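So the sequence shown is numbered by numbering that gives the first Met the number 0: it starts at 0 and just counts up by one.
Note that CB positions come from ideal geometry on N, CA and C, so glycine has one too.
As the structure is a prediction and not an experimental result, all values here were calculated from the model.
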Amino acid sequence: MTKVLVADDNPQNLYLLETILKGNGYEVVSANNGAEALAAAKKSPPDLIVTDILMPVMDGFELCRQWKADPVLHAVPFIFYTATYTDPKDEKFALNLGADRFLIKPQKPDFLLKEITAVLDESFRKNTGPSTRPLGEEMEVLRQYNAVLFRKLEEKVLQLETEIAERKNAEQQRELVIRVLEQKNEELARFTYTVSHELKNPLITVKGFAGMIEADLSREKPDKETLRNHARRISAAVDTLDSLLTDLLRLSRAGQSTYHSGPVELRSIVDEAASILAPPLAENRVRLEIAPDLPVVSADRDRMREVFICLIENAIRFRDSGNDPVIGIGMDRESGEQIFFVRDNGTGIEPQYLERVFRLFEKLNATTPGTGVGLPIARKIIEAHGGKLWAESEGLGKGTTFRFTLPVSAPGTPKGTG
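The structure is reproduced here in structure tokens:
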């Protein structure tokens, strides 16, 4: 039975070769590196060796050099089977060492067996003595060997540097995701607490006045006017609860992707919002000044109209009774960026509260109407468009300006869907 020595430091590769060779009638001896293979061959020479190159203790190149110099083993056919040394220079050096074949992993079993059979047939037809090179040639072999190892070392260093860079980038991304998730968890905790608190208030009102109605009805002569007053309180609490739930639903939709985004004329959106708010604008004698040069933007028309309605309503609500209320809508250019604004001459905001107004259910004045969800909704809509929204004010009595950015679309661009 033909005996084949297999050398590879990868157990899976060894097992695969053993299975293929044993399944085709070969006797197989295995080794984990070049030193083990050389020792096993000197103890009991095989008919053929199939070896990897990159192995610990002794690599395949050094094994081949010593193999071909051995007076007994030199005639035993030598096959390199590697997945690491794949450069044509590697193959040339291997053949110069005396290898009979240089095969790249992986190969189909039929091809591998065909090559083994061919190498064995060739070895029977030739009978050469051990390879004894002159000193000059031996030095050249060593030089080539060092060059091959150095090139492979450079490749490995480059590969390691790439892997380290990729791992650092992955770690940075992981840390960023963790920070974002922690922030989102904190926001969710605050949101849950705030929502539960805001929803409990009208529910407590409903429960309290319902109990009072029940108590009044148990009396012999309940006061109808008192009962009506209790019912009105319950109805008002239910209206508040309905407004809160409606605004929460709007808020949940505000941060979603804009499904109907496309080029739209911003002036037309502002005109639509102004038309909807015509009654409160007229009732409060608010003058609306709209710049004529508003550009075409890439936006969801309905959602952007909601933003302008929110910002204009906010300006109406916080108008200064001592001034003629004016709301200006326009655009500034700063460092080449187009920044849109809704500016009023109303009550203004103290600088330390400019970010607070965007918090959910946050109302700087508890007596003002509304649920405190409008500005958070407007910010989420702008952010969903890829922009940002913020507030500016020099303080109380100085008015407020809400600024935001949007992707700008070239005029004449056909409307599409996003």
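inquiry  = Tell me whether the segment 70 to 86 and the segment 42 to 60 touch, counting them as touching only if at least three CB pairs, one residue from each stretch, are closer than 8 Å.
reply    = Judged by pairs of C-beta atoms under 8 Å, the segment 70 to 86 touches the segment 42 to 60, as three or more such pairs exist.
message = So, with DSSP's three-state summary, where would you put F339?
response = Strand, per DSSP.
query = Starting from F357 and walking both ways along the beta strand (DSSP E), at which residues does that stretch end?
reply = Note, F357: premise wrong, no beta strand (DSSP E); not H, not E.
ask   = Closest by CA to Y270, which one among S260, P278, R304, V295?
value = Inspection of the sequence shows that residue 270 is occupied by Asp rather than by Tyr. Just measuring C-alpha positions, the residue of S260, P278, R304, V295 sitting nearest D270 is R304.
request  = Could you tell me which of P406, E282, N344 sits nearest to Q337, measuring between CA atoms?
outcome  = Between Q337 and the set P406, E282, N344, the nearest pair of CA atoms involves P406.
query = So, helix, strand or coil for S274, using DSSP?
reply = S274 falls in the helix class under three-state DSSP.
ask   = By how many angstroms is the C-alpha of L175 removed from the C-alpha of S29?
value = In this structure, the alpha-carbon of S29 lies about 48 Å from that of L175.
query = Within the chosen definition, does the segment 107 to 115 reach the segment 83 to 95 through at least 3 CB pairs nearer than 8 Å?
reply = The segment 107 to 115 vs the segment 83 to 95: no contact.
task = Please check the pair A98 and I78, which I expect to be a contact at CB under 8 Å, by giving their CB distance rounded to whole angstroms.
result = Indeed they touch by this definition, with Cβ atoms about 7 Å apart.
Burial state of Y14, where buried means 16 or more other Cβ atoms lie within 10 Å = Under this definition Y14 is an exposed residue.
ask   = Straight-line CA distance for G347 to I311?
value = The straight-line gap from Cα to Cα measures roughly 14 Å.
message = Helix, strand or coil for P413? Go by DSSP, reduced to three states.
response = The predicted position of P413 is uncertain, since its pLDDT is 38 and thus under 50; a value taken from the coordinates is nonetheless stated next. Residue state, collapsed to three classes: coil.
task = Find the nearest neighbour of A36 within the set G22, R332, D51, E219, judged by alpha-carbon distance.
result = Ranking G22, R332, D51, E219 by Cα distance to A36 puts D51 first.
ask   = Is S267 helix, strand or coil when you go by DSSP?
value = If DSSP states are grouped into helix, strand and coil, S267 belongs with the helices.
query = Quick one: is Y25 buried, meaning 16 or more other Cβ sit within 10 Å of its Cβ, or exposed?
reply = Result: buried.
task = State the DSSP-derived secondary structure class of P262, mapped to helix, strand or coil.
result = Three-state result, P262: strand.
query = Three-state secondary structure (DSSP) at Y25?
reply = Coil.
task = Output the boundary residues of the beta strand (DSSP E) element that contains I52.
result = Per DSSP, I52 lies in no beta strand (DSSP E) and is assigned neither H nor E.
request  = Determine the contact status of G419 and M0, defining contact as a CB-CB distance below 7 Å.
outcome  = Outside the shown range of the chain, which is 0 to 417, sits residue 419, and nothing can be said about it.
key: 6 Å Cβ shell around F401 - same chain, five flanking residues per side excluded   = Here the set comprises L310, V341, A390.
query = What residues are listed by DSSP as bridge partners for S122?
reply = S122 is not bridged to any residue.
key: Pairwise C-alpha distance: S334 and D238   = D238 and S334: Cα-Cα distance of roughly 47 Å.
ask   = Going straight from the alpha carbon of T204 to that of E213, what length do you get?
value = Straight-line Cα distance between these residues: approximately 14 Å.
ask   = Beta-carbon separation of I233 and V306 under 7 Å?
value = 7 Å or more divides the Cβ of I233 from the Cβ of V306.
ask   = Which of the three DSSP states, helix, strand or coil, is assigned to S334?
value = Secondary structure at S334: coil, using DSSP grouped into helix, strand and coil.
ask   = Measuring CA to CA, which of L102, V56, D86 is closest to V49?
value = Comparing Cα-Cα distances from V49 to each of L102, V56, D86, the minimum goes to L102.
key: Range of the contiguous alpha helix (DSSP H) that encloses D301   = 300 to 316 is the extent of the alpha helix (DSSP H) around D301.
query = P413 to L388, Cα distance in whole Å?
reply = Unreliable positioning characterises P413 in this predicted model, as indicated by a pLDDT of 38, which lies under 50. A coordinate reading is not provided.
inquiry  = Could you tell me the alpha carbon to alpha carbon distance between Y84 and A298, rounded to whole angstroms?
reply    = So the two alpha carbons sit approximately 55 Å from each other.
task = In the DSSP assignment, find the unbroken beta strand (DSSP E) run with K387 in it and report its ends.
result = The continuous stretches of beta strand (DSSP E) do not include K387, and DSSP gives it neither H nor E.
query = So, helix, strand or coil for L13, using DSSP?
reply = It is helical.
task = For G396, count neighbouring C-beta atoms within 10 Å of its own C-beta (all shown protein chains included) and say buried if the count is 16 or more, exposed if not.
result = Under this definition G396 is an exposed residue.
task = For D331, count neighbouring Cβ atoms within 10 angstroms of its own Cβ and tell me buried if that reaches 16, exposed if not.
result = With fewer than 16 other Cβ atoms within 10 Å, it is exposed.
ask   = Rounded to the nearest angstrom, how far is the Cβ of N31 from that of D58, given a contact under 8 Å?
value = Going by Cβ atoms, the distance from N31 to D58 rounds to 12 Å, so no, they are not a contact pair.
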